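Everything on this sheet refers to the single structure shown next.
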Amino acid sequence: SEPKKPWHVQRSDGGVMAFGGLLLRRGDEDRFVVMTSAANGDLVAIHHRQPLVLPPDRWHRWLTGGAADAVELCVAAPASWFNWYRVGPAVGRVAEDHPELVTPLDDAALAAESAAGGGGAGRKPDDRQGDLFG
36 SEPKKPWHVQ RSDGGVMAFG GLLLRRGDED RFVVMTSAAN GDLVAIHHRQ PLVLPPDRWH
96 RWLTGGAADA VELCVAAPAS WFNWYRVGPA VGRVAEDHPE LVTPLDDAAL AAESAAGGGG
156 AGRKPDDRQG DLFG
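Under my numbering, the first residue of the sequence shown carries the number 36, and numbering increases by one thereafter.
The following block contains the structure:
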């Protein structure tokens, strides 16, 4: 099987991404799951599933509503909500923790990977977007 390729995915407007999830409390042990759906649009090239990303105007309803609200809110966000690009393999190593982990792979690295049969570059963020670590 082909090695996994790390991607950085962010909201295209630079905002916070909130995932819909469920919490199970059982005794002293809490468990949770992030809700997913089939991937939309070009995100399929990264993975066949995507997390349930809730827009800010639906956060309160997700957190305080009932089961019927949750079912209504389980709608996959369109691919247009996101920007994504390839990053280096260090992002998958727990010992690594620095801002360079989300630096896009340069054109030379992408070209070498493409020549070896790898994936594309994705959709890079708008240059006007703020920098979380700036």
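Here a beta-carbon is modelled for each residue, glycine too, at the ideal position from N, C-alpha and C.
Computed from a predicted structure; not experimentally measured.
Next item on the list: Give the range of the alpha helix (DSSP H) segment to which Ala-73 is assigned.
Entry: Position 38 of the sequence shown holds residue 73. Bounds of any alpha helix (DSSP H) do not take in Ala-73; it lies within the beta strand (DSSP E) bounded by 71-73.
Notebook entry, point to check: Which partner residues of His-95 appear in the DSSP bridge assignment?
Noted result: The residue given as residue 95 occupies position 60 in the sequence shown. Per DSSP, none; premise fails for His-95.
Margin query: Quick check: the Cα distance between Glu-107 and Asp-132, rounded to an integer number of angstroms?
Written below: As a position in the sequence shown, residue 107 is number 72, starting the count at 1. As a position in the sequence shown, residue 132 is number 97, starting the count at 1. The straight-line gap from Cα to Cα measures roughly 37 Å.
Notebook entry, point to check: Mind checking whether Thr-71 and Arg-84 have CB atoms under 8 Å apart?
Noted result: In the sequence shown, residue 71 corresponds to position 36, counting from 1. In the sequence shown, residue 84 corresponds to position 49, counting from 1. Against a cut-off of 8 Å, the Cβ pair of Arg-84 and Thr-71 comes out as a contact.
Checklist line | Simplified DSSP state of Gly-56, which is helix, strand or coil | finding: For the purposes of this step, residue 56 is identified with residue 21 of the sequence shown, where counting begins at 1. Three-state result, Gly-56: strand.
Item checked: For Val-137, three-class secondary structure by DSSP -> Here residue 137 corresponds to residue number 102 of the sequence shown, with the count starting at 1. Reduced to three states, the DSSP call for Val-137 is helix.
Note to self: Quick check on the burial criterion: 16 or more other C-beta atoms within 10 angstroms. Buried or exposed for Asp-162?
What the structure shows: Locating residue 162 in the sequence shown gives position 127, counting from the first residue. The predicted position of Asp-162 is uncertain, since its pLDDT is 48 and thus under 50; a value taken from the coordinates is nonetheless stated next. The residue is exposed, with fewer than 16 neighbouring Cβ atoms inside 10 Å.
Note to self: Rounded to whole angstroms, what is the Cα-Cα separation between Ala-74 and Asp-63?
What the structure shows: Position 39 of the sequence shown, counted from the start, is the residue given in the question as residue 74. Position 28 of the sequence shown, counted from the start, is the residue given in the question as residue 63. Approximately 34 Å between the Cα atoms of the pair.
Item checked: Range covered by the beta strand (DSSP E) that runs through Val-126 -> Taking the sequence shown and counting its residues from 1, one reaches residue 126 at position 91. No beta strand (DSSP E) holds Val-126; DSSP gives it neither H nor E.
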